[in-house]
Amino acid sequence: MTIAAVVGMQWGDEGKGKIVDSLSDQVEIVVRCQGGANAGHTVVLGEEVYKLHIIPSGILRDGVMSVVGNGVVFDPLGLVEEIDRLEEQGVTVQGRLLLSDRAHLVMPYHRVLDTLSESQLAENKIGTTGRGIGPTYAAKASREGVRGHNLLDADRFMAMAREKIATANRRITWLQGEALPADETLEKLAVARERLAPFVADTVAYLHQAQAEGRKILIEGAQGSQLDIDFGTYPFVTSSNTTGGGFASGTGLPPNAISDVHGVFKAFTTRVGAGPFVTELLGDEALQMRGTGENQWDEFGTTTGRPRRCGWADVVIGRYSKRLSGINHLHITKLDVLTGFEKINICVAYELDGKKIESVPADIEALERCQPVYETMPGWQEPITEATKFEDLPAAAQAYVKRIFSEIGIKLGTVSVGPRRKQIVTVKL
Ligand code: GDP
Ligand code: IMO
Ligand code: MG
Numbered sequence: 004m005t006i007a008a009v010v011g012m013q014w015g016d017e018g019k020g021k022i023v024d025s026l027s028d029q030v031e032i033v034v035r036c037q038g039g040a041n042a043g044h045t046v047v048l049g050e051e052v053y054k055l056h057i058i059p060s061g062i063l064r065d066g067v068m069s070v071v072g073n074g075v076v077f078d079p080l081g082l083v084e085e086i087d088r089l090e091e092q093g094v095t096v097q098g099r100l101l102l103s104d105r106a107h108l109v110m111p112y113h114r115v116l117d118t119l120s121e122s123q124l125a126e127n128k129i130g131t132t133g134r135g136i137g138p139t140y141a142a143k144a145s146r147e148g149v150r151g152h153n154l155l156d157a158d159r160f161m162a163m164a165r166e167k168i169a170t171a172n173r174r175i176t177w178l179q180g181e182a183l184p185a186d187e188t189l190e191k192l193a194v195a196r197e198r199l200a201p202f203v204a205d206t207v208a209y210l211h212q213a214q215a216e217g218r219k220i221l222i223e224g225a226q227g228s229q230l231d232i233d234f235g236t237y238p239f240v241t242s243s244n245t246t247g248g249g250f251a252s253g254t255g256l257p258p259n260a261i262s263d264v265h266g267v268f269k270a271f272t273t274r275v276g277a278g279p280f281v282t283e284l285l286g287d288e289a290l291q292m293r294g295t296g297e298n299q300w301d302e303f304g305t306t307t308g309r310p311r312r313c314g315w316a317d318v319v320i321g322r323y324s325k326r327l328s329g330i331n332h333l334h335i336t337k338l339d340v341l342t343g344f345e346k347i348n349i350c351v352a353y354e355l356d357g358k359k360i361e362s363v364p365a366d367i368e369a370l371e372r373c374q375p376v377y378e379t380m381p382g383w384q385e386p387i388t389e390a391t392k393f394e395d396l397p398a399a400a401q402a403y404v405k406r407i408f409s410e411i412g413i414k415l416g417t418v419s420v421g422p423r424r425k426q427i428v429t430v431k432l
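Numbering (my numbering), first residue to last: 4 to 432.
Following this line, the structure appears as structure tokens:
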């Protein structure tokens, strides 16, 4: 493995942080390629729980360099807080983090515009994380953005920020929002600029050099395939390409250099925010999957704390996701959560207006009408969190895992049986 990638196969929160952590003992560089602080990647090491939003999960491994690629959008104020939080938790960030000079900045007004646009949508809200992601990518596409390299020149950055805040405030007022206090906002930006400027680098050149030297690089995807702006449940998606295409466009690494693609697939499905969800459950089974919120890893958003919607595994989107990103390793996470169910359903196809289909319709109204075609498998009652090899799992759990691997068409990977680093077993079929 020289260049590999980790990608979410559902609607995010599949456990990518844990899988990146488990793979990053074999790599020298971990690079984020898209998204921003809408991501929340949790890694549990001993008693310590780390929540990463912008900084790649590789920061938790000694000797690994963390790169925020050009396709990421980062909020300078939020990033400074994240660096401080990590350093308080004993993680060294200085000298181990690079921010792309081409990455776009989430400016304070982008966050305001995100919230305003959601409140205007009223009952049609997307349910965004409110982190300013959509407005920042919109500014990037309309060529009005502020980029990493702008942090390197204090005077130019402050002048640019002043002008852009004034322009954004006119729009915010027009949308009946509360204008940002310009001087106070500029002061905060000035402090963040000074802190972050030393991390800004030409990450494209850095990654090309690393590639030429044969150094091992891992690309850390954020969100999941069904939140992809092109291939997801549009418009209930995020604003970047969360699938294979984003690996190259968000790092500058050529697509044919990425040989291993690790798909992360939760043993059941969750979604936070609005939009179609064919296998969603609403009763007690959903509560059993979600947990009560007492544990760090119960199904409540890492970024927003919102309860996640839960439902059965859907291999229609599993197969779609495999094809979109070229996945050749499968990591099934949170299998332990399914312990205790008498029966477990897997959605193997959809029924749309009386016809069986095996692809995901583009039109969300059609997707809303899709009914899941389930195959039912027996559950297991034994706890599995102590398993150290595949054979330690109860027969019914092994059968469930094998079934998902074979439905998606992959033979190699792992099954995660708990949030901790060691709670993972290898699968080779
Ligand atoms: P990400 O966004 O894909 O990195 O996933 P999140 O961190 O948002 O959500 C996954 C949650 O599940 C986190 O709280 C993890 O600590 C936790 N987790 C990961 N793998 C497992 C597992 O196998 N079992 C359990 N119970 N929790 C897990
Ligand atoms: P990780 O990387 C789960 C969802 C939001 C909303 C939609 C658009 O932790 O898996 P945005 O703020 O991006 O404009 O919101 O996308 N969303 C996520 N859901 N995990 C994430 O990231 C998400 N990032 C965005 O809930 O439905
Ligand atoms: Mg998450």
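All residues carry an ideal CB built from backbone N, CA and C; glycine is no exception.
Would you give the residue range spanned by the beta strand (DSSP E) that Gln384 belongs to? Here residue 384 refers to the residue found at position 381 of the sequence shown. For Gln384, there is no enclosing beta strand (DSSP E), since its DSSP letter is neither H nor E.
Please go through the same chain and pick out, in chain order, the residues whose beta-carbon is closer than 6 Å to the beta-carbon of Met380, but skip the five residues on each side of it. The count along the sequence shown starts at 1 and reaches residue 380 at position 377. Exclusion of the five residues before and after Met380 leaves Ile347, Tyr403 as the residues of its chain whose Cβ lies within less than 6 Å of its Cβ.
Quick one: Cα of Ala193 to Cα of Met161, how far? Within the sequence shown, numbered from 1, the residue matching residue 193 stands at position 190. Within the sequence shown, numbered from 1, the residue matching residue 161 stands at position 158. A straight-line Cα-Cα distance of about 7 Å links Ala193 and Met161.
Just verifying my parser: in three-state terms, what is the DSSP assignment at Pro258? Stepping through the sequence shown from its first residue, residue 258 is reached at position 255. DSSP places Pro258 in helix when its eight states are reduced to three.
Are there three or more Cβ pairs, one per stretch, closer than 8 Å when the region 252-260 is compared with the region 72-92? As far as the Cβ criterion goes, the region 252-260 touches the region 72-92, which means the pair count is three or higher.
Where does Lys143 fall in DSSP's three states? Here residue 143 corresponds to residue number 140 of the sequence shown, with the count starting at 1. Taken through DSSP and simplified to helix, strand or coil, Lys143 comes out as helix.
Around the Cβ of Thr273, are there at least 16 other Cβ atoms within 10 angstroms (buried) or fewer (exposed)? Counted from its first residue, the sequence shown places residue 273 at position 270. By the 10 Å Cβ count, Thr273 comes out buried.
Beta carbon of Asn41: closer than 7 Å to some heavy atom of the ligand IMO? Here residue 41 is taken as the residue at index 38 of the sequence shown, counted from 1. Indeed, a heavy atom of the ligand IMO lies less than 7 Å from the Cβ.
Report the residue ranges of all alpha helix (DSSP H) runs contained in full by the region 33-77; include only those spanning at least 4 residues, in chain order. Those alpha helix (DSSP H) runs which fall completely within the region 33-77 and span 4+ residues do not exist here.
Any heavy atom of the ligand GDP within a distance shorter than 7 Å of the CB on Asp16? Taking the sequence shown and counting its residues from 1, the one referred to as residue 16 is at position 13. Yes, since a heavy atom of the ligand GDP falls inside the 7 Å radius drawn around the Cβ of Asp16.
Under 7 Å: does the beta carbon of His442 sit that close to some heavy atom of the ligand MG? Given that the chain is displayed from residue 4 to residue 432, the structure contains no residue 442 and the question cannot be resolved.
Which residues bound the alpha helix (DSSP H) around Ala182? Position 179 of the sequence shown, counted from the first residue, corresponds to residue 182. Here Ala182 belongs to no alpha helix (DSSP H), and DSSP marks it neither H nor E.
Exposed or buried, which one is Gly20 when buried takes at least 16 other CB atoms within 10 Å? Here residue 20 refers to the residue found at position 17 when the sequence shown is read from its first residue. A residue is called buried when at least 16 other Cβ atoms come within 10 angstroms of its Cβ; Gly20 meets this threshold and is buried.
Using only the alpha-carbon positions, how far apart do Gln101 and Asp24 sit? Taking the first residue of the sequence shown as position 1, residue 101 is located at position 98. Taking the first residue of the sequence shown as position 1, residue 24 is located at position 21. Gln is not the amino acid found at residue 101; the sequence shown has Leu there. Rounded to the nearest angstrom, the two C-alpha atoms are 18 Å apart.
Same chain, Cβ closer than 8 Å to Leu284, five either side skipped, listed in chain order: Numbered from 1 along the sequence shown, position 281 holds the residue referred to as residue 284. These residues qualify, in order along the chain: Met292, Cys313, Gly314, Trp315.
Can you give, in chain order, each stretch of the beta strand (DSSP E) that sits fully within the region 300-365 and has at least 3 residues? Counting only runs of 3 or more, we get 312-314, 332-336, 346-355, 358-360.
For Ala270, three-class secondary structure by DSSP: Here residue 270 refers to the residue found at position 267 when the sequence shown is read from its first residue. DSSP places Ala270 in coil when its eight states are reduced to three.
Per DSSP, what kind of secondary structure is Gly137 in: helix, strand or coil? In the sequence shown, the residue the question calls residue 137 occupies position 134. Reduced to three states, the DSSP call for Gly137 is helix.
Taking only beta-carbon atoms, is Ala352 less than 8 Å away from chain C? In the structure shown, chain C does not exist; there is a single protein chain.
Of the listed residues Ile58, Lys128, Pro111, Gly276, nearest to Trp14 (C-alpha basis): The residue labelled residue 14 in the question sits at position 11 within the sequence shown. Distance from the Cα of Trp14 is smallest, within the candidate group Ile58, Lys128, Pro111, Gly276, for Gly276.
Would you report the Cα separation of Val264 and Met110, rounded to the nearest angstrom? Taking the first residue of the sequence shown as position 1, residue 264 is located at position 261. Taking the first residue of the sequence shown as position 1, residue 110 is located at position 107. Rounded to whole angstroms, Val264 to Met110 spans 32 Å at the Cα level.
Tell me, please, which residues DSSP counts as bridged to Leu102. Locating residue 102 in the sequence shown gives position 99, where the first residue counts as 1. Paired residues: Val71, Val203.
Could you tell me how far apart the beta carbons of Asp301 and Gly308 are, in whole angstroms, since I believe they sit closer than 8 Å? Position 298 of the sequence shown, counted from the first residue, corresponds to residue 301. Position 305 of the sequence shown, counted from the first residue, corresponds to residue 308. The pair is not a contact, with the Cβ atoms about 11 Å apart (cut-off 8 Å).
Regarding His3 and the ligand MG, is the C-beta to nearest heavy atom distance less than 7 Å? Here the chain covers residues 4 to 432 and nothing more, so residue 3 does not appear.
Once the 5 residues before and after Leu18 are set aside, which same chain residues still bring their CB inside 7 Å of it? As a first step, residue 18 is located in the sequence shown; it is residue number 15 there, counting from the start. First, the residue type needs correcting, since residue 18 is Gly and not Leu in the sequence shown. Excluding positions up to five away in sequence, the list reads Val267, Lys269, Thr336, Lys337, Ser419.
Can you give me the C-alpha to C-alpha distance between Tyr323 and Leu154, rounded to a whole angstrom? Translated into the one-based positions of the sequence shown, residue 323 becomes position 320. Translated into the one-based positions of the sequence shown, residue 154 becomes position 151. Going from the Cα of Tyr323 to the Cα of Leu154 covers about 39 Å.
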